Structure formats: structure tokens, C-alpha cells
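Structure record follows, encoded as C-alpha cells.
2 protein chains.
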Amino acid sequence: MAGNVLNDKTLELIAERFRLLGDPVRLRLLQSLEGGERSVADLVAVTGAQQASVSKHLQLLLRGGLVERRRQGMFVYYSVADDRVFELCNVVCGSLTAYLEKELEHLAGREGDEGPATVS
Amino acid sequence: MAGNVLNDKTLELIAERFRLLGDPVRLRLLQSLEGGERSVADLVAVTGAQQASVSKHLQLLLRGGLVERRRQGMFVYYSVADDRVFELCNVVCGSLTAYLEKELEHLAGREGDEGPATVS
DNA sequence: TGACCATATGAACATAATAGAATATATTAG
DNA sequence: CTAATATATTCTATTATGTTCATATGGTCA
């Protein structure tokens with residue numbers, strides 16, 4: 682966004698990538714992979730989701746280029762292919778924190794300002 | 682994600698924020714606001730979307746704390762409340778670029794590797 | 001080969017997100 | 001007050017996304 686205008690296609694790609702990160706199960710998967718590669722079975726256990734669901738989320742992350750897979754015997758190991766995801770999450774965390782703090786402040790400043798206690 | 686485990690609620694908040702950025706119209710709105718505040722009418726013109734649609738997207742961004750609004754007469758001016766969105770977009774752009782370059786490389790390496798040209 | 005295990009995929013269903021038309025609200029001008 | 005304008009909201013239809021169950025695929029081992 683550094684001043685230049687992005688065309689619709691690019692914007693759609695960026696949006697798509699944000700959407701890819703916009704699911705708590707996928708975020709949990711990525712977080713679980715932060716320490717290194719894991720098998721699907723591991724990830725199923727960690728997330729508590731169904732195997733089919735985990736597998737599909739992993740395919741989405743794979744097609745998006747955020748993770749890689751490696752087969753070893755019967756097991757498939759996934760790992761993070763782009764560390765930027767963690768940077769993104771950190772920035773979002775900061776943004777969220779700032780937002781929530783502002784909200785708190787706002788609420789504190791309006792204490793008891795939720796409408797009249799008396800009728801008419 | 683700096684090594685600590687995030688609970689489900691936090692993860693959902695983060696995912697929600699990513700989803701907020703996961704729409705091309707909203708990204709276009711944010712980009713349009715990068716140069717400073719704009720009225721809704723301006724934004725409708727810029728995006729080419731319906732007024733109702735723009736208004737709804739702006740409400741989403743507002744509730745997410747990414748933009749602020751200011752009323753002046755009949756007009757409402759929106760502005761970016763959290764510059765981190767641009768940082769996020771830039772990181773995503775970098776991530777996308779890396780991914781697409783890798784894809785290209787991959788394709789180049791496999792040139793003509795798309796199956797036999799002859800039948801049986 | 002067949003039995004078995006891990007992972008992926010397909011189909012059906014439920015839910016969420018989005019757009020568009022119509023309408024409501026808020027503000028100013030007369 | 002009414003008319004006019006800018007913005008917000010409601011309602012509805014449609015589409016996208018996610019979950020689950022069942023099944024397919026790919027691999028190992030006897």
C-alpha cells in the first residue's frame with residue numbers, strides 16, 4: 682500500500698490471503714507448527730478438530746503457500762513455509778491490544794452514561 | 682505467536698481481524714483512506730460499489746477499530762484509525778510475491794512436464 | 001496379494017458473509 | 001414545518017465457507 686494504487690486482481694489476492702488467516706483452526710495449526718514440523722495426526726490431536734477438517738485446512742494453507750508437506754512412510758509432516766505469518770499475527774495482536782485498550786478507556790470515561798435511570 | 686500458546690478466544694479475535702481485512706472492497710476503502718480522510722460519497726465514487734455496500738463495509742471497519750468517523754454537516758468523513766493495516770498489507774504483499782516467485786520457478790523447472798504428448 | 005493405517009477427497013448439510021433494493025435516520029435549507 | 005441530501009439500516013436472495021460422515025488414495029507390512 683505504499684502510496685501506489687493496487688489493481689483489483691492484486692487486491693483480491695491480498696484479501697484472499699487475509700481470509701486464509703481468518704480462521705481460528707488454521708491459526709491454531711500454524712501456531713502448532715511454529716515449533717517445527719508435525720504430522721497430521723499430531724495436528725488433529727492438538728486442535729481437537731476432525732481429521733477431515735484438519736486435512737482440508739492444511740490443503741488450504743498448502744495451496745496458499747503458507748505450509749509445506751513432506752511424506753515419510755505413512756505419515757505426512759507439515760511445516761511452515763513462510764514465517765511472515767507469525768509477523769502478521771504479532772502485528773494483529775498489537776492492533777487488537779491497542780483497540781481493546783482504547784475500548785476500555787472509552788468505557789471508563791463513560792461510566793454510568795448508559796441512558797437515564799428515570800422515566801421521562 | 683511469540684512462543685506462547687493463545688487461547689481459543691484470543692485466536693478467534695485474531696481470526697476475526699484477519700477476516701475483516703479479507704475483503705477487496707474493504708481493502709480498497711482502506712487504501713483510499715491512506716491519503717487522509719474521505720467522505721462516504723468519495724468512497725462510493727472510488728470503489729464503484731453501491732452506497733449501501735460501502736456504508737456497511739465502513740461500519741465493519743469502524744467496529745473493528747480500523748477507521749474513525751467524524752461528522753461535519755451532512756457529510757461523514759472516515760479516516761484510518763490504525764496504521765498497522767498498511768504494515769499488514771505490505772507484509773502480505775511480500776508474502777504473496779515470494780509465493781508467486783516460487784510458483785514461477787517451480788513451473789519453469791517443470792517445463793513440458795505436464796504429461797505425455799502422445800497417446801499410449 | 002490382502003489387511004491395515006494415515007491422509008485426502010467428495011457429498012450433504014449448516015452457517016456466515018455479501019450484495020442489492022427499499023427504507024430509515026440525520027442534517028441542512030427554505 | 002417540508003423538501004432535499006448524505007449516510008445508515010433492514011430485509012431478502014445468493015454465494016462462500018466450514019463441518020461431518022463416508023469413502024478413496026497412498027503407503028507399510030505380513
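Chains A and B are the protein sequences, given in the same order. Be aware that the first sequence starts at 682, since it is given in this note's numbering, and climbs by one per residue. Be aware that the second sequence starts at 682, since it is given in this note's numbering, and climbs by one per residue. Cβ atoms here follow ideal geometry from the backbone N, Cα and C, with glycine treated the same way. Given the structure is predicted, the values throughout are model-derived calculations rather than measurements.
Return the residue from the list the options that minimises the CA-CA distance to residue i.
i         : options                                    : result
A:Val-706 : B:Arg-765, B:Leu-692, B:Ala-762, B:Ser-713 : B:Leu-692
A:Phe-767 : B:Ala-762, B:Arg-752, B:Phe-767, B:Val-773 : B:Val-773
A:Lys-690 : B:Ala-779, B:Leu-785, B:Leu-708, B:Asp-764 : B:Leu-708
A:Gly-716 : A:Tyr-759, A:Arg-744, A:His-738, A:Gln-732 : A:Tyr-759
A:Arg-751 : A:Glu-718, A:Gly-703, A:Leu-788, A:His-738 : A:Glu-718
B:Glu-784 : A:Asn-688, A:Gln-740, A:Gly-745            : A:Gly-745
B:Asp-704 : B:Asp-723, B:Leu-781, B:Thr-728, B:Asn-688 : B:Thr-728
A:Ala-696 : B:Ala-726, B:Asn-771, B:Glu-782            : B:Asn-771
B:Gln-712 : B:Gln-732, B:Ala-733, B:Leu-739            : B:Leu-739
A:Glu-749 : A:Leu-714, A:Gly-790, A:Ala-789, A:Glu-786 : A:Leu-714
Run down chain B in chain order and give the residues with a C-beta less than 9 Å from the C-beta of residue i.
i         : result
A:Tyr-780 : Arg-698, Gly-745, Gly-746, Leu-747, Ala-762, Asp-763
By the criterion of Cβ-Cβ separation under 9 Å, what are the contact partners of residue i in chain A?
i         : result
B:Asp-689 : Pro-705, Arg-709
B:Gln-712 : Met-682, Val-686, Leu-687, Leu-692
B:Leu-741 : Ordered by position in chain A, no residue passes the 9 Å Cβ test against B:Leu-741, which lies about 13 Å from the chain.
Run through chain B and tell me which residues come within less than 8 Å of residue i, C-beta to C-beta.
i         : result
A:Lys-783 : Gly-746
A:Gly-775 : Arg-765
A:Glu-693 : Pro-705
Could you name the residues of chain A that residue i contacts, counting a contact when the two beta carbons are closer than 8 Å?
i         : result
B:Gln-731 : The contacting residues do not exist; B:Gln-731 stays about 16 Å from chain A at best.
B:Val-772 : Arg-765, Glu-768, Leu-769, Val-772
Cβ atoms of residue j and residue i: under 8 Å apart, would you say?
i         : j         : result
B:Arg-698 : A:Leu-701 : no
B:Leu-747 : B:Ala-730 : no
B:Val-735 : B:Val-721 : yes
B:Arg-765 : A:Gly-775 : yes
B:Leu-742 : B:Leu-694 : no
B:Leu-687 : A:Leu-769 : no
Just to make sure I have the definition right: I need the residues of chain A whose C-beta is within less than 7 Å of the C-beta of residue i. Which are they?
i         : result
B:Leu-788 : Within chain A, no residue comes near B:Leu-788; the closest Cβ sits about 14 Å away, beyond 7 Å.
In chain order, which alpha helix (DSSP H) runs of at least 4 residues are fully inside the region 702 to 779 of chain B? 705 to 714, 721 to 728, 732 to 744
Determine which residues of the region 718 to 730 of chain B have a Cβ less than 8 Å from any Cβ of chain A, and write them out in chain order. If you check each beta-carbon in the region 718 to 730 of chain B against every beta-carbon of chain A, none falls closer than 8 Å.
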